[in-house]
Each structure stands twice: as C-alpha cells, then as structure tokens.
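As structure tokens, the structure follows; a few thoughts come after it.
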Amino acid sequence: MASTSKASRFFELADQREFAVCQAINRSVRFPPVLEYFRLVSRLGDGWFWYALILSIPLYNSSTGPTLALQMAITGLICTLTYKGLKRWLIRERPFISFPAINCATPPLDRYSFPSGHTLHAVCFQAMLFSALPLLAWCILPFTLSVAASRVVLGLHYPSDVLAGALIGGTMGWISMQWIAI
C-alpha cells in the first residue's frame, strides 16, 4: 500500500504538470476529419491492425514469417499482462477523469491511464519488425506514431503514459528479438 500512495502522490504532481499540454493537444484537434482519423487509428490500435499484421506476416515472408508471427503473438500476450498489471498496481486516473476540461473523444478500454497499452503494443511490434523485417517496419511506422499520438489527442492519456508505454514496449520487443533471434 505504501508504494501505491507514493505512486499516487507522484501522479498527482505529474498530472498537474501535464494538464496544460494535454488540454492544448486535446483542444487543437477539433477538426472533424482529423478527429475521426485518430478515432479510427485508436480503434485499429485496439488490436485489429496488429492481429491482421501478425496473421499476414507468414505470407509476407514465408521463411521466417511463421516464427516471427508466433513470437509477436506470444510477446503481445506478455505485453498485455504487463500493462494490465502496471495499471492495477499504479492506478493513475485518465486525463479526462481528473480534468473535465479535457474532452474524451472515444471510450477507453479500461479505467486507468499508466502506461498506455496501445502505445506499448505498437512500439513493441514496431521494434520487432525493425529487427526482423525493416522494410515492412518503415511502412508500419506512420501507423505506430499515429497510435501513440491518438492516445493524447483523444484525451485518454498523458504524454508520460505514452512515453512510458513506448519505453516499456520497445524494451520488450527488443528483448523478445534478442531472446529468439530470427
């Protein structure tokens, strides 16, 4: 319980410091086509894009694709367990909950904010792709960056949630690729 209260105090300070940035980003993207783009990217980042990509990798590269697809699926499950555990342990409220001035532009998948699971998965898979299939990785990079941006644009995460998700996900993807070299 002591670590939870330390985390709560830390996040209260961080939330206050990040509020202005969150609000500015959230308010700057009120143009409906742009907002719809980020909603779509967020929805695809729920998993649909990644499931389709993982299933298509064996078709893209018949020699290493099946192994990479399996490795991505297993790593993705570990990522899910990791971010869900961190969210339950650290308990950071989402920006739109803590600050009603921030508009929530799409419903969240779960209650808490830290770290961004969407970003964690996106950067994890991006790191794995850069290691195994760099040409494909460059094609996927704009989507990964859009997923990360969508989390703050839609009022679902603070920038530090996205940064933490990227660092954790990138590390997990890199470790996965070191563990089983394809």
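Per our numbering, the sequence shown starts with residue 155, numbered consecutively. Quick reminder that beta carbons are idealized off the backbone N, C-alpha and C, glycines included. Since the model is a prediction, treat every value here as computed from it, not as a measurement.
Which residues does DSSP list as the beta-bridge partners of residue i?
i: Tyr266; result: Glu247
Given a threshold of 16 other Cβ atoms within 10 Å of its Cβ, counted over all protein chains shown, does residue i qualify as buried or as exposed?
i: Lys241; result: buried
i: Trp204; result: buried
i: Ala178; result: exposed
i: Arg246; result: buried
i: Val195; result: buried
i: Arg163; result: exposed
i: Met155; result: The pLDDT assigned to Met155 is 47, lower than 50, so where the model puts this residue is not dependable; a value taken from the coordinates is nonetheless given after this. When all chains shown are included, Met155 counts as exposed.
i: Arg305; result: buried
i: Pro254; result: exposed
i: Pro288; result: exposed
i: Ser216; result: exposed
Starting from the C-beta of residue i, find all residues in its chain whose C-beta is less than 6 Å away, skip the five residues before and the five after it, and write them out in chain order.
i: Pro249; result: Cys176, Ile256, Gly309, Tyr312
i: Leu274; result: Cys233, Tyr237, Gly319, Ile322, Gly323
i: Leu331; result: With the sequence shown as reference, residue 331 is identified as Met, and Leu is not the correct amino acid for it. Closer than 6 Å at the Cβ level, and outside the excluded window around Met331, lie Met282, Ser285.
i: Ile334; result: Gln225
Excluding the 5 residues flanking residue i on each side, which residues of the same chain have their C-beta closer than 7 Å to its C-beta?
i: Ser252; result: Asp169
i: Ile208; result: Ala223, Met226, Ala227
i: Ala259; result: Leu189, Arg193, Leu308, Gly309
i: Glu172; result: Tyr312, Pro313, Ser314
Write down the C-beta distance between residue i and residue j rounded to the nearest angstrom, noting that I regard them as a contact closer than 8 Å.
i: Val301; j: Gly199; result: 4 Å
i: Leu290; j: Leu283; result: 6 Å
i: Pro212; j: Gly201; result: That pair is no contact at about 19 Å.
i: Val307; j: Phe192; result: 5 Å
i: Phe297; j: Gly327; result: Rounded, the Cβ-Cβ distance is 15 Å, inconsistent with contact.
i: Leu295; j: Ala161; result: Rounded, the Cβ-Cβ distance is 32 Å, inconsistent with contact.
Cutting at 8 Å between CB atoms, please list the residues of its own chain near residue i, excluding the five before and the five after it.
i: Gly230; result: Trp204, Ile208, His275, Cys278, Phe279
Exercise. Which ranges does the alpha helix (DSSP H) cover as unbroken runs of at least 4 residues, wholly within the stretch 273–314, from first to last along the chain?
Worked result: Every alpha helix (DSSP H) of 4 residues or more that sits fully in the stretch 273–314 is shown, in chain order, as 288–307.
For this session: For the stretch 167–214, list the alpha helix (DSSP H) runs that are entirely contained and at least 4 residues long, ordered along the chain.
Result: For the stretch 167–214, whole alpha helix (DSSP H) runs of length 4 or above, ordered along the chain, are 186–197, 203–214.
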